[in-house]
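Accompanying notes for the structure given below.
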Amino acid sequence: MLLFRYILFLYTTTIYAEVHIKQQNNVQKILHETLKKERTSPPSIKIPYKKEYGDVTVNPHNFTFISQPEPCEGNETILVTAHSATQNFQRRSALRNTWANPIILEKYLPKGHQSKLIFILGLPSNSSEQTLINYEQEMYGDLVQVNFMDHYRNNTYKAIYNMKWISSYKGCPKAKLVVKVDDDVIFNLQAFSSFFKNFTDTLGDSFKLSSYFIAGNIGESGRPQRDPASKWYLSRKDYKYDTFPMWLQGLTYFLSPRLAKEIYNLSFTTPYIFTDDVYVGIVAGRVDEIRKYPFNQFYSNSFSRLAKQSKYWNKKPYVFYHSHSIEDFFRLWCLSCNPATCDWCSQAKV
C-alpha cells in the first residue's frame, strides 16, 4: 500500500510539473501580447463628468471607520483588499487559509515582496451578527468596517472607502500595488507567479513610482441596464449617458495606491452609481494620466461545474477564478495546489 501511494505521488508530481511549465509558458506568451496593447479610452466615447462638475460636490458622503486593522509594518508592497458581505464568515476564512494568506502568497511573489490582506465591509442588519464580527476582528485583526449598511446598493461606498483606507495612514505606506478582489475569487497561484513577474516587469518604473495605473478585466462601451425589473437597473436620473466609457469586472483588478487616493478624492465630484464596477471605471477615467492594462484573457467566470473546471484548469492560462460556492472554492484551490504541499486536500476529500 505504501509503495502504491509513493508511486502515485511521483506520478502526480510529475504531471504537476509538466502542467506548471506549460501553464507558465502560456501565461507569459499571452501576457506579453496583451500588455503591448496599452489601452486608452476611445476618443469617440465621452467620458462622463470629466468636465461637467469640476470641483462641485455632487456625491457628499461622510461615513466613518468603526473598526480597522493595525497599520502595515512598513514592508508590505502588495495590499490585497477583499470586498466582503458581513455574513460571509466562511468566505473570509477561506481566503485567510488559502491563496490570500500572506505566508502562502509570498512564496509565489518575487523576492523582496510582502503582502497584507484586509477585508472591507459595512454594518450588518442585526446586533448578533455584529457581535460575531467583533469577535472575528479580535481573532484576526484584518477587518475594515465602515458605518453604512452592508447592501448591494451600497457597494460603491464599499469601493470608495476601500480607496480611502488604502490612502490613509492606516494603510500600507510602502505598498506599490493594490489587488482588489471579491471574497469569492480564487487565484491559481502557479499561473499568478508568472503573471505577476511579467506584469511588474512590463510596468517598469510605473510600478516602482506608483503612478496612475489600473489593470483588470476592462470593458468599454458597455450599456446601462434600463429594465426596471433588473437588479442592476439604472434610470436616466441615475446615469444619463447611453454607454459606459470604462468599467471593471469587480471580481479582481489591480491599481496603484496613488490612483486609489485620486479615486477617493474625485468620488465627491462624481455622481453616485450603486454598481461599483462601473463607478470605479468612470472615476478612474477622469484621471488624465491613467494607464490601463486589460487582462481579460486571464479571467474565468463561466465554469459552474467542477467537471469543467477540472477539464480546463490545466489547459487554459487562467489566473483568476470566480467560485460559485464555498465548496467549489476549496475544490478549485486543491486543483491549483502542489501535491507536495497540499496534503490536507486529499485528507479533506474536497
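Per mature numbering (1 follows the signal peptide of the UniProt record, and there is no 0): the sequence shown = residues -17 to -1, 1 to 333. Backbone N, C-alpha and C define an ideal beta-carbon position, used for all residues, glycine too.
Cβ-Cβ distance between residue i and residue j below 8 Å
i           : j           : result
residue 306 : residue 169 : yes
residue 63  : residue 111 : no
residue 150 : residue 240 : yes
residue 47  : residue 107 : no
residue 255 : residue 183 : no
residue 207 : residue 227 : yes
residue 105 : residue 165 : no
residue 251 : residue 81  : no
residue 161 : residue 238 : yes
Interface flag, residue i vs chain C, CB-CB below 8 Å
i           : result
residue 111 : Judged by its chain identifiers, the structure shown contains no chain C, having just a single protein chain.
Close beta carbons around residue i, own chain, < 6 Å, minus the five adjacent residues each side
i           : result
residue 249 : 266, 269
residue 359 : Residue 359 is absent from the structure shown; the chain starts at -17 and stops at 333.
residue 49  : 128, 130
residue 236 : 163, 199
residue 51  : 127, 153
residue 55  : 99, 155
residue 84  : none
residue 244 : 150
residue 186 : none
residue 220 : none
residue 121 : none
Whole-Å CB distance - residue i paired with residue j, under 8 Å assumed
i           : j           : result
residue 129 : residue 101 : Rounded, the Cβ-Cβ distance is 12 Å, inconsistent with contact.
residue 197 : residue 147 : Not quite, the Cβ-Cβ distance comes to about 17 Å (not below 8 Å), so this is no contact.
residue 272 : residue 158 : Going by Cβ atoms, the distance from residue 272 to residue 158 rounds to 19 Å, so no, they are not a contact pair.
residue 116 : residue 92  : Contact doesn't hold; Cβ gap of about 30 Å is too wide.
residue 282 : residue 171 : At roughly 11 Å, the Cβ-Cβ gap does not stay under 8 Å, so residue 282 and residue 171 are not in contact.
residue 167 : residue 313 : That belief does not hold up - the Cβ atoms of residue 167 and residue 313 are roughly 12 Å apart, past 8 Å.
residue 153 : residue 103 : Rounded, the Cβ-Cβ distance is 12 Å, inconsistent with contact.
residue 309 : residue 77  : 6 Å
Same chain only: Cβ atoms within 7 Å of residue i, ignoring 5 sequence neighbours per side
i           : result
residue 53  : 124
residue 315 : 169, 292, 304, 306
residue 57  : 156, 157
residue 175 : 91, 302
residue 218 : none
Cβ neighbour criterion (16 or more within 10 Å) applied to residue i
i           : result
residue 114 : exposed
residue 144 : buried
residue 338 : Residue 338 is absent from the model: the chain starts at -17 and stops at 333.
residue 21  : Here the model assigns residue 21 a pLDDT of 48, short of 50, so the residue's position is not dependable, and the following value carries that caveat. By the neighbour-count rule (16 or more Cβ atoms within 10 Å), residue 21 is not buried but exposed.
residue 156 : exposed
residue 222 : buried
residue 135 : exposed
residue 38  : exposed
residue 195 : buried
residue 94  : exposed
residue 319 : buried
residue 45  : exposed
residue 109 : exposed
8 Å CB neighbourhood of residue i in its chain, flanking five on each side removed
i           : result
residue 119 : 72, 75, 126
residue 132 : 105, 106, 108
residue 96  : 60, 61, 89
residue 213 : none
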